[in-house]
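In the working numbering, the protein residues as written are 150 to 245.
Each remark here refers to the structure printed beneath this line.
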Amino acid sequence: MESKVLVNEEEYLRSFKCELMEVVYAWTQGASFAAICKMTDVYEGSLIRLFRRLEELLRQIAQASKVMGSEELEQKFEAALGKVRRDIVAAQSLYL
Numbered sequence: 150m151e152s153k154v155l156v157n158e159e160e161y162l163r164s165f166k167c168e169l170m171e172v173v174y175a176w177t178q179g180a181s182f183a184a185i186c187k188m189t190d191v192y193e194g195s196l197i198r199l200f201r202r203l204e205e206l207l208r209q210i211a212q213a214s215k216v217m218g219s220e221e222l223e224q225k226f227e228a229a230l231g232k233v234r235r236d237i238v239a240a241q242s243l244y245l
């Protein structure tokens, strides 16, 4: 699907930060929070914020898929959301 928004493709691709891709993948595969913390020198709070932002993005994309009428796509994003939203990321408060 084409949009009429002008985007410099190379600049757009350079804007992606892939440093934590392996950490996110490990988390979605069931790694413990302690294990993923050992994979990077990023602060624990920053990781929690990253996962919560990813969770919100997945929730919004799932909702957009529903609005577009793509039940299959919605289910895929809901499944991805389930892999991100667990353990400490799903805690209501970090001050337990």
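Glycine included, every Cβ here is placed at the ideal spot set by N, Cα and C.
Between the segment 191-210 and the segment 227-238 there are three or more C-beta pairs closer than 8 Å, enough to call the two in contact.
Ile237 and Thr177 have their C-alpha atoms spaced approximately 13 Å apart. Approximately 16 Å separates the beta-carbon atoms of Phe200 and Ala211; this is outside 8 Å, ruling out the contact. In the structure shown, Gly231 falls within a helical segment according to DSSP collapsed to helix, strand and coil.
Annotation for Val173: the continuous alpha helix (DSSP H) segment containing it runs 170-177.
Distance between Gln224 and Arg235, taken at the CA atoms: about 18 Å.
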